[in-house]
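Beneath this line is the structure, given in structure tokens, with notes to follow.
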Amino acid sequence: MGSKNFAKNAVKKPAMAVKHTFSRYKEAIGMQIEAFWKRNYLVVLGSGGVVVCILLWRVLFGVANTFIGFFEGMANYGFLALSSAIVAFTGLYYRSKLTINPDKVYRMAMRKLNTSAGILEVMGAPLTGTNLRAYVMSGGGVSLKNFDPRLRSKRCFLIFPISGSERKGLVSVEVKKKKGQYDMKLLAVDVPMASGPDQRLFLIGDEEEYRIGGGRISELRDPVVKALAAAKEFDARDESSEASRRSKNIQGEGPNLTRRGSPSLRYIVFFFSKLSSL
């Protein structure tokens with residue numbers, strides 16, 4: 025009985041080792057293909073677009089030439105231009121479906137903030153943004169898990185300051201592109217309070233969602249806060265230099281007026297000096 029079990033284990037162990045080795049090589053090959061795609065996806069897409077354009081050109085020309093007789097030269101160039109336009113517009117369409125526009129995300133966030141009664145009550149209406157924005161993209165591309173190609177969802181993390189009539193705040197946004205549509209996962213505003221810690225208001229999402237994206241948001245938060253502090257320092261310097269320039273101008277005009285005097289006073293002194301000489 026023991027010899028039979030030993031024989032089964034002896035046969036089973038090499039089979040498991042071969043299977044484990046094959047799965048490791050399969051995973052390694054998948055990672056190599058995925059890395060190659062990340063490095064050279066533009067070349068691959070461009071080459072594929074050229075091939076599709078040529079095939080479409082020949083198919084369109086062949087179908088049209090079957091029913092209508094064309095002059096060879098003019099028809100070739102015409103159908104080549106048509107095929108190129110079809111491929112280009114198709115590429116632009118799919119690019120718009122897969123990419124995220126940060127400006128559109130900003131407009132969506134501002135529209136939601138300006139229509140939120142709770143935010144307007146705390147910060148005061150109207151809410152205005154600035155040109156200072158920071159964003160980072162994550163995800164996207166093609167993943168090969170078990171040689172099953174899948175499109176990964178793309179996410180955009182955006183942070184920007186806003187100002188109300190009563191308070192200022194810092195907005196954090198997380199958006200996911202899902203089936204060509206913008207899906208906002210997080211919209212939060214950090215409002216500094218006069219006493220106590222900052223108050224975080226959630227329009228979309230919660231503290232858990234903020235914590236999940238906290239790594240990306242913290243990467244954006246520190247540079248934005250530093251940029252805001254630098255902007256305030258620059259404004260203070262500009263005001264100080266403007267005040268010093270004005271004081272110098274006033275000091276420069278004072279002695280000139282004293283030295284020159286008014287024209288009428290000079291004429292009066294000249295007139296009395298002439299009278300005294302007579």
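The sequence shown lines up with residues 25 to 302 when you count with this note's numbering. Where a beta carbon is used, it is the ideal one built from N, C-alpha and C, also for glycine.
Measure how close the beta-carbons of residue 163 and residue 176 come, nearest whole angstrom, since I'm counting them as under 8 Å.
-> The C-beta distance from residue 163 to residue 176 rounds to 5 Å, short enough to meet the 8 Å contact threshold.
Integer Cβ distance of residue 152 from residue 186, believed to fall under 8 Å = The beta-carbon separation of residue 152 and residue 186, rounded to 7 Å, stays under the 8 Å limit for a contact.
According to DSSP, is residue 116 helix, strand or coil?
-> In this structure, residue 116 counts as helix in the three-state DSSP scheme.
One or two residues paired with residue 161 in a DSSP bridge = Per DSSP, 180.
Name the residue from 248, 76, 135 and 194 whose alpha carbon lies nearest to the alpha carbon of residue 114.
-> Comparing alpha-carbon positions, the option among 248, 76, 135 and 194 lying closest to residue 114 turns out to be 76.
Helix, strand or coil at residue 126 according to DSSP, with G and I counted as helix = Helix, per DSSP.
Within 9 Å, strictly: CB atoms of residue 213 and residue 199 = Against a cut-off of 9 Å, the Cβ pair of residue 199 and residue 213 comes out as no contact.
What number of angstroms, rounded off, separates the C-alpha of residue 101 from the C-alpha of residue 56?
-> If you take the alpha carbons of residue 101 and residue 56, they lie about 40 Å apart.
Between the C-alpha atoms of residue 281 and residue 271, what's the straight-line distance to the nearest angstrom?
-> Its pLDDT being 44, under 50, residue 281 is placed unreliably in this model, and the value from its coordinates should be taken loosely. Rounded to whole angstroms, residue 281 to residue 271 spans 16 Å at the Cα level.
Separation of residue 141 from residue 192, as counted between CA atoms = The C-alpha of residue 141 is placed about 16 Å away from the C-alpha of residue 192.
Is residue 208 helix, strand or coil by DSSP?
-> Note: residue 208 maps to strand in three-state DSSP.
How many angstroms separate the CA atom of residue 178 from the CA atom of residue 273?
-> Cα to Cα, residue 178 sits roughly 58 Å from residue 273.
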